[in-house]
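What follows is a single structure, written as structure tokens, with notes after it.
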Amino acid sequence: MMKTAQMNGAEILLKALTDQGVEVVFGYPGGAVLPIYDALFQQKAIRHILVRQEGGAVHAAEGYARSTGKVGVVLVTSGPGATNAVTGLTDALMDSIPVICLTGQVPTHLIGNDAFQEADTTGITRPCTKHNYLVKDVNDLSRVVHEAFYVATTGRPGPVVIDLPKDVLQNKGVYKPEAASEEHRSYRPQVRAEADRIAEAVELIANAKRPIFYTGGGVINSGNAASKLLTEFVKLTGYPITNTLMGLGAYPGSDPQFLGMLGMHGTYEANLAMYNCDVMINVGARFDDRVTGKIAEFSPKSKKIHIDIDPSSINKNVLVDLPLVGDVATVLRQLMKRWKDGGHKTDKKALAAWWKQIAAWRARDCLSYEQSKAIIKPQYALQRLQELTKNRDTYITTEVGQHQMWAAQFLKFESPRHWMTSGGLGTMGYGLPAAIGAQVAHPKALVVDVAGEASIMMNIQELSTARQYRLPVKVFILNNQYMGMVRQWQELLHGSRYSESYMESLPDFVKLAESFGGVGLRASKPEELDGVIEEMLATDNFVIADIMVDQTENCFPMIPSGAAHYDMLLGPADKAARPVSEEGMVLV
Amino acid sequence: MADPKISNAIEKHTIAVLVANEAGVLARVIGLFSGRGYNIESLTVAEVDAAKAQSRITIVTSGTTQIIEQIKAQLRRLVPVFKVSDLTTDGPAVEREMALIKVVSSGDKRVESLRIADIFRAGVVDSTNKSFVFEITGATEKINAFIKLMEPLGLKDVSRTGVVAIARGEKPL
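Structure representation (structure tokens):
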């Protein structure tokens with residue numbers, strides 16, 4: 001009988017990762033993970049990207065995962081390495097990104113002793129991961145890694161932590177490959193919806209007079225097939241469609257059936273169509289509070305169909321009439337087959353009237369802003385960026401704030417996995433490392449991080465990573481010298497008391513870029529803008545483009561918290577007339 | 589799956605959860621309740637199948653219908669959870685608690701406490717000249733009633749298990 005060669009834990013780990021198809025790991029070394037780094041040094045199958053702060057590693061893995069559909073893998077050491085990863089893990093959990101985070105841990109006999117660089121990683125990460133593991137026996141290691149990948153990618157994707165004590169990494173053990181036919185004993189999410197519900201849904205959709213598709217990140221997570229099927233179904237019915245922030249790109253953004261993003265900073269036509277529809281078809285979205293506004297007044301007269309792979313998302317915030325639990329691509333296939341088999345047709349007359357109404361709402365031109373010859377408007381900067389990059393294979397990441405909302409409003413996404421943003425958690429500092437992750441995955445593509453000057457400071461150290469691996473990411477800073485979104489709320493709700501939202505002592509971003517080995521550019525006037533953008537695109541190095549924009553510009557439309565969709569503020573004149581309610585004030 | 593009706597009435601539910609007997613599973617379930625602000629009135633846990641390494645957690649919780657449905661959905665999506673059953677709504681069920689109750693008294697009060705224990709079919713598991721420890725099993729209301737009766741008779745200490753429950757009939761969880 002052939003005895004399987006004995007490898008140490010670190011080698012078993014790397015073999016399990018390569019068997020899972022891992023090609024890149026984002027990480028930062030430390031004492032507890034030295035055995036893994038030693039094994040990494042002696043192989044070539046897995047490439048390691050050294051970040052400058054562990055949070056950057058997790059966001060980079062997120063950018064990698066979101067732009068490819070593969071699992072992002074992180075490697076950090078024990079104690080502070082693991083705790084630095086917590087924000088990124090929480091971010092991945094909120095946005096359902098498949099990430100495997102390998103954390104070092106002190107040797108098993110020291111666990112619980114307050115050892116050097118020890119932290120209760122499994123305890124700390126339990127609420128912020130989909131699942132986590134502490135491996136105590138090297139012979140369990142390969143099984144745990146294979147199971148972790150299964151959990152991270154099955155059902156609603158999410159982050160999984162594997163805590164690895166140093167002695168386990170050094171002990172010798174046996175590698176067990178993933179058993180192809182073995183089903184997980186307890187975790188088996190449902191992917192197909194029930195046939196009678198499919199039939200009911202198709203009836204409802206066909207008989208709708210004022211229908212709307214409301215689609216979210218679940219379409220992206222289901223895979224590229226889901227986006228194609230969604231596009232096919234929407235075109236087949238001729239119905240209007242709106243996307244959430246996380247769902248942008250699932251449906252071609254420049255198609256006339258697309259009403260723009262909905263929600264707190266969504267378009268007038270998208271929000272009013274949602275409010276006035278009679279059938280709402282939710283595909284892979286979760287009725288987030290940024291979308292619903294005041295729940296009691298959210299689309300009160302419509303019948304709601306909800307397609308979601310996570311049963312706990314159904315009826316959580318908004319009660320729906322027809323839940324369809326399953327994978328988006330699978331359910332869309334079921335719906336379209338039923339539609340074609342049944343020879344269903346839409347109500348063309350009612351639909352024409354609905355589109356006429358939508359056209360009237362569109363005529364409000366809610367994204368219009370006051371142009372200026374003297375100062376660069378942030379919306380204008382993004383419009384020029386969109387125009388000058390439209391023929392390129394572009395990946396966009398963002399930080400968090402006003403620039404993020406303007407990016408969602410003014411940039412167009414024709415296909416999925418080109419738009420990466422921190423939606424659920426709203427993590428400032430996400431964009432630069434995520435851009436690095438996306439660039440690693442797509443070395444020849446154009447990757448742009450649309451940033452604010454406040455957010456970019458949060459993970460600025462990752463410029464070193466970009467330089468080390470010659471990743472030519474473009475950091476497009478909309479510099480208004482304020483934390484823009486905070487300032488906007490302070491203007492709206494707190495009598496313009498701008499408490500701690502002004503960015504004092506900003507660095508000279510051009511010199512900063514140069515000090516990290518990159519290129520710095522600045523545009524202060526509208527006529528300088530195009531030149532800066534073109535130079536940025538032509539530079540074969542990472543670039544910071546510091547675009548000085550209007551400090552007073554606010555992001556509209558806006559549905560203030562606690563308000564209903566029809567209470568949308570469309571511009572500065574609106575905001576003066578309508579104060580926010582008491583209960584709205586306590587909401588974020 | 590019936591869609592829950594809109595109701596704001598708070599109901600008490602007993603939920604049985606079959607989980608993998610692994611390190612951290614109980615912490616995960618409790619973390620779910622505390623993290624989302626759900627209420628735990630009582631919780632019991634023990635291994636029920638050594639061969640399959642499965643444990644059963646019985647939780648008594650309360651909330652509106654929508655909240656209870658959310659709790660069950662959130663529990664079901666935890667990786668180490670095999671099955672979740674709502675014993676309050678899934679059919680008739682039996683619920684029991686056990687308590688150990690220390691009563692310190694002498695003379696008439698001591699005699700009376702023994703008489704009441706007899707009525708409640710509670711056994712004496714410890715006795716000294718001045719004290720008894722009674723063991724009582726039954727529905728929560730019965731235990732509550734017994735404790736109330738012991739209060740004027742020298743009640744000193746109470747240790748309760750919390751509710752365990754099982755569905756009536758032949759079907760397993």
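Heads up: the sequence lines are chains Z and H, in that order. Counting in the working numbering, the final residue of the first sequence is number 588, and the numbers go up one at a time with none missing. Counting in the working numbering, the final residue of the second sequence is number 761, and the numbers go up one at a time with none missing. Backbone N, C-alpha and C define an ideal beta-carbon position, used for all residues, glycine too. Computed from a prediction, not measured in an experiment: that's the story for all the values here.
Check: Return the chain-ordered list of same chain residues with a C-beta closer than 6 Å to the C-beta of residue 438/Z, the five sequence neighbours on each side being excluded.; Outcome: 63, 67, 395 and 447
Check: According to DSSP, is residue 520/Z part of a helix, a strand, or is it coil?; Outcome: strand
Check: From the DSSP secondary-structure annotation, give me the bridge partner or partners of residue 243/Z.; Outcome: 215/Z and 261/Z
Check: With 16 as the cutoff for other CB atoms within 10 Å, does residue 662/H come out buried or exposed?; Outcome: buried
Check: Does the beta carbon of residue 597/H sit closer than 8 Å to a beta carbon anywhere in chain Z?; Outcome: no
Check: How should residue 2/Z be labelled, buried or exposed, when 16 other C-beta atoms within 10 angstroms of its C-beta is the threshold for buried?; Outcome: Any reading at residue 2/Z is ruled out, since the residue's pLDDT is 44, under 50, leaving its predicted position unreliable.
Check: Excluding five sequence neighbours on each side, which residues of the same chain lie with their C-beta closer than 6 Å to the C-beta of residue 635/H?; Outcome: 609 and 643
Check: Give, in chain order, every residue of the segment 306-326 of chain Z whose Cβ lies closer than 9 Å to some Cβ of chain H.; Outcome: 310, 311, 312, 313, 314, 315, 316, 319, 320, 321, 322, 323 and 325
Check: If I measure Cβ to Cβ from residue 241/Z and keep anything under 6 Å in the same chain, skipping five residues before and after, which residues do I get?; Outcome: 213, 234, 251, 257 and 258
Check: List the residues of chain Z that residue 669/H touches, going by C-beta distances under 7 Å, in chain order.; Outcome: 186
Check: Starting from residue 724/H, trace the beta strand (DSSP E) in both directions and tell me its first and last residue.; Outcome: 719-726
Check: Quick one: which residues of the segment 665-698 of chain H get their C-beta closer than 7 Å to a C-beta of chain Z? List them in chain order.; Outcome: 665, 667, 668, 669 and 670
Check: Quick test of the definition: if touching needs 3 or more C-beta pairs under 8 Å, does the segment 315-326 of chain Z touch the segment 190-200 of chain Z?; Outcome: yes
Check: For residue 210/Z, count neighbouring C-beta atoms within 10 Å of its own C-beta (all shown protein chains included) and say buried if the count is 16 or more, exposed if not.; Outcome: buried
Check: Does the structure place the segment 473-485 of chain Z close enough to the segment 388-403 of chain Z that three or more beta carbon pairs sit under 8 Å?; Outcome: yes
Check: Using the C-alpha atoms, what's the distance from residue 657/H back to residue 592/H?; Outcome: Any reading at residue 592/H needs caution, since the residue's pLDDT is 46, under 50, leaving its predicted position unreliable; the model's value is listed next. Taking the straight line joining both Cα atoms gives about 8 Å.
Check: Against chain H, with Cβ distances strictly below 8 Å, would residue 109/Z count as a contact?; Outcome: no
Check: Step through the CB atoms of chain Z and report whether any lies within less than 8 Å of the CB of residue 608/H.; Outcome: yes
Check: Please confirm whether residue 661/H has its beta-carbon closer than 8 Å to some beta-carbon of chain Z.; Outcome: yes
Check: Specify, as a first and last residue, the run of the beta strand (DSSP E) that residue 570/Z falls within.; Outcome: From DSSP, residue 570/Z is part of no beta strand (DSSP E); its letter is neither H nor E.
Check: In chain order, what are the residue ranges of uninterrupted alpha helix (DSSP H) at least 4 long that sit wholly in the segment 384-441 of chain Z?; Outcome: 402-410 and 431-441
Check: If we cut at 8 Å on Cβ distances, does residue 604/H have a partner in chain Z?; Outcome: no
Check: Give me the Cα-Cα distance between residue 589/H and residue 120/Z, rounded to the nearest whole angstrom.; Outcome: The predicted model places residue 589/H with a pLDDT of 36, which falls under 50 and marks its position as unreliable, so this point remains unresolved.
Check: Give the straight-line distance between the Cα atoms of residue 24/Z and residue 11/Z, rounded to the nearest whole angstrom.; Outcome: 16 Å
Check: Where does residue 674/H sit, in a helix, a strand or coil, going by DSSP?; Outcome: strand
Check: Are the C-beta of residue 122/Z and some C-beta of chain H separated by less than 8 Å?; Outcome: yes
Check: Residue range of the alpha helix (DSSP H) that residue 80/Z falls in?; Outcome: 80-84
Check: Is the CB of residue 146/Z under 8 Å away from at least one CB in chain H?; Outcome: no
Check: Starting from residue 32/Z, trace the alpha helix (DSSP H) both ways and give me its first and last residue.; Outcome: Here residue 32/Z belongs to no alpha helix (DSSP H), and DSSP marks it neither H nor E.
Check: Quick one: which chain H residues come within Cβ less than 8 Å of residue 126/Z?; Outcome: 612, 615, 616 and 619
Check: Which chain H residues sit within Cβ distance under 9 Å of residue 586/Z?; Outcome: What residue 586/Z touches in chain H: nothing, since even the nearest Cβ is about 16 Å away.
Check: Can you confirm whether residue 623/H, when its beta carbon is compared against all beta carbons of chain Z, has any partner nearer than 8 Å?; Outcome: yes
Check: To the nearest whole angstrom, what separates the beta carbons of residue 506/Z and residue 453/Z, a pair I think is in contact under 8 Å?; Outcome: 6 Å
Check: Quick check on residue 734/H: buried or exposed, where buried means 16 or more other Cβ atoms within 10 Å of its Cβ?; Outcome: buried
Check: By Cβ distance, which residues of its chain are closer than 6 Å to residue 167/Z, with the 5 residues on each side in sequence left out?; Outcome: 107 and 108
Check: Please decide whether residue 657/H counts as near chain Z, where near means a Cβ-Cβ distance under 8 Å.; Outcome: yes
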